[in-house]
Amino acid sequence: MSTSNATPDNLMEAIVSLAKRRGFVFPSSEIYGGLNGFFDYGPLGVELKKNIRDAWWRDMVQRRDDVVGIETSIIMHPKVWQASGHVDGFTDPLVDCKVSKQRYRADQLFFSPVVIDGQTVAYVSALESEDTAAQLQAAAETYKRKKALQGPLAPVQPRDMTEAQPDEIARIPSPATGEPGSLTPPRAFNMMFETYVGALRDASSVSYLRPETAQGMFVDFKNVVDTGRVKLPFGIAQIGKSFRNEITPRNFIFRSREFEQMEMEYFIHEDADWAKCHQEWIEWCRRWLMSIGLPEAHLSLYAHPKEKLAFYSKGTVDIMFRYPFGVQELWGIAARGNYDLGQHAQASGKPQEIFDEATKKKFVPHVIEPAVGVDRIFLAVLCAAYAEEDVTDDKGAVEKRTVLRLSPRIAPVKVAVLPLLKNKEHLVARARELYQRLQRRYAVFYDDGGAIGRRYRRQDEIGTPWCVTIDFDTVEKDGSFTLRERDSMQQRRIQEAELFALLDEYVH
Ligand code: GAP
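So the sequence shown is residues -16 to 491, counted in the working numbering.
Structure representation (structure tokens):
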């Protein structure tokens, strides 16, 4: 049996299709045409997502002595979001096209002057992509050709709409219509979803769906310090839904309007070596991503330039992942100083300090914040795991198999139990018995429908690491059964105790 491995050119299309076909992710409210930026997780998706969350919680909270967990409410006092700066500053720059009514994020809409013989004769525009500059260059060449202009065309100089001057905005064509004159200057668009609390619908009852889970940790800081036995340095972690009215949700579940975050605020002494602590957390997060199966080669680091950081921030490094649509942020690790606790102390009038026994002084702790989205990990995991292979069987016949090489730690189903034949009572009885024993501890699947090869393929496609087949030897000889391994497709005989030992080693 030989295989040749391939990642399809249209990997995103293949993943979206598999996600729908096998019940990982569906568009939300699909029967009504869907709702842009919202998704549902199906029976397998919900298991995979839960496994990602559980692995993070186990490693981040339960297996550490210095991190505790909390769960705070999604709707918090509106003053939280004023103090945190979200009411005034949680905005993206928005550009409207007055003709098509399309909306663009200004920092994702690029333009360039078309310069011929040293003169700007027009402008071209393109939406951000892997090859924005090439698209702009092609548009400039097309313009020159269509207008039959003579003279050398200068290379394009891409800038985004946040940098456009008023006289340029009037000349930049809308990507929707191809014509200039309809784009508005960028304006700040607040991404928080508003709602009303209570029976009155007026300014006094306006509240927000949280745009991040982090503020819950800051607002409950004193509660945790006063009730737990935490000592600096220590972290408070939370997993939960966040909501952002993104202008351009895109790339499937990569940027959505309702998503789930796993955030941890690690509080340190004001005199601690924050840079060292920051580095340690970056490395911890990178290693953790590898522990759930993301290949090291797909990961890279991006340090935000100092001049683009918020004034209080000491440094932010993103762990980037090579998605099919480009290298994008997966996990942000920010050194935020003591800005958040300081803001809440000031706004609430309640000091957010800790007493230092050594110096006998009170101070506001500083914080390192690793913040990641569950849905982004989910997508990264699918992208890294997906493969299509040509498989040659013993008789030389070639067939395609789709396989998700998911780590056993997060695979939605750990083992599939397959009786060789479904009409042989003693095979079925033994298979059912094993299935029920496995089910007590693991997510397992029982499948007795169709040829055994086809049953293996069905499990390959959903990432099940192992299949066990109960055959006549199992019941008539030594009780052993066939263990078939997903990635190598190799088969060997094992006993039940060995199977449990194998699962114990790889699943947790
Ligand atoms: N408390 C800091 C914070 O929320 P962020 O960089 O805005 O920082 C953290 O978000 C992580 O949340 C991101 O790295 C990403 O993984 C995830 N995330 C942010 N916006 C998202 C969206 N619209 N859809 C899916 N995931 C998102």
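All C-beta atoms in this analysis are idealised placements derived from N, C-alpha and C, irrespective of residue type, glycine included.
Residue pairing of P288 in beta bridges, as defined by DSSP: absent, with no partner found.
Within its own chain, the residues whose Cβ lies closer than 7 Å to the Cβ of D75, once the five positions on either side in sequence are excluded, are R88, F172, M174, I230, listed in chain order.
Between I360 and the set A153, Q422, M245, the nearest pair of CA atoms involves M245.
For the 8 Å CB-CB criterion, F217 and V50 form a contact.
Assignment of beta-bridge partners to K344 by DSSP yields D339. Around the beta-carbon of A280, fewer than 16 other beta-carbon atoms lie within 10 Å, marking it exposed. The alpha-carbon separation between S463 and A394 amounts to approximately 25 Å. If you draw a 10 Å sphere on the C-beta of K214, you find fewer than 16 other C-beta atoms in it, and that means exposed.
Under DSSP, A399 shares a beta bridge with F428, C450. The closest CA to that of H60, considering only E481, F308, G181, K291, is found on G181. Listed in chain order, the non-local C-beta contacts of H252 below 6 Å within the same chain comprise L215, local neighbours out to five positions each way being set aside. Annotation: P61 is outside any beta strand (DSSP E); the continuous alpha helix (DSSP H) that includes it extends over 61 to 66. In this model, G223 and A38 are separated by some 15 Å (Cα to Cα). When the alpha-carbon of G28 is set against those of V98, P158, L365, the nearest one is in L365. Listed in chain order, the non-local C-beta contacts of L362 below 6 Å within the same chain comprise I236, F237, local neighbours out to five positions each way being set aside.
The alpha-carbon of F73 is positioned some 12 Å away from that of A66. A367 places its beta carbon less than 8 Å from that of P278. Judged by the Cβ position, F235 fails to qualify as a neighbour of the ligand GAP at the 7 Å threshold, every heavy atom of the ligand being at least this far. One Cα belongs to L132, the other to Q102, and the distance between them is close to 12 Å. In this structure V202 touches H327 by the C-beta definition: roughly 6 Å separates them, less than 8 Å. Boundaries of the beta strand (DSSP E) around S95: 92 to 99. If the five residues before and after I275 are omitted, its C-beta is found closer than 6 Å to the C-beta atoms of A38, S390, R392, I393, all from its own chain and listed in chain order.
For Y191, the closest C-alpha among the options V63, F338, M(-5) is that of V63.
For E246, the Cβ falls inside the 7 Å cut-off from some heavy atom of the ligand GAP. Contact check for V347 and E336: beta-carbon distance about 6 Å, within the 8 Å limit, so the pair qualifies.
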